[in-house]
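Comments concern the structure below.
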Amino acid sequence: MTDPLQHLTPDEVEQWATGLLGATRAIHLAQCADCLAAAERERKFFRELAQLARLAPSADFADKVMAKVRIPTPSGGLEKR
Ligand SMILES: [Zn+2]
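For the sequence shown, the numbering used here gives the first residue as 1213, with consecutive numbering after it.
If you want it as structure tokens, here you go:
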């Protein structure tokens, strides 16, 4: 059961951006500027990723995405195990 007045979760925002969100939840976007702004940002991000995927050779692409996505750890030592 989902309440149409409830804000979208980050998961739902991602589903909307990839076209997978159910219509009942998508209705919320028409009523909530906050969620709509978040959803538009997410969709732009996915569109840019898709463009990168088309332009870049695949092996290279994974590196580039990881470079963007990787969160710097304060303690460092990402490579060490
Ligand atoms: Zn909302």
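Cβ coordinates follow ideal geometry from the N, Cα and C atoms, glycine included.
Every value quoted in this text rests on a predicted model; they were computed, and no experiment measured them.
- Taking the Cβ of residue 1223 as the reference point, every heavy atom of ligand 1 lies at 7 Å or farther away.
- A heavy atom of ligand 1 is found nearer than 7 Å to the CB of residue 1246.
- If you check the C-beta of residue 1264 against ligand 1, you find no heavy atom less than 7 Å away.
- Proximity of the beta carbon of residue 1233 to ligand 1 is not indicated: no heavy atom of the ligand is located closer than 7 Å.
- Distances between the C-beta of residue 1220 and the heavy atoms of ligand 1 include at least one below 7 Å.
- Taking every protein chain shown into account, the CB of residue 1224 has 16 or more other CB atoms within 10 angstroms, so this residue is buried.
- Classified as exposed, residue 1217 has fewer than 16 neighbouring CB atoms from the shown chains inside 10 Å of its CB.
- Burial state of residue 1241 is buried, judged by a 10 Å Cβ sphere holding 16 or more other Cβ atoms.
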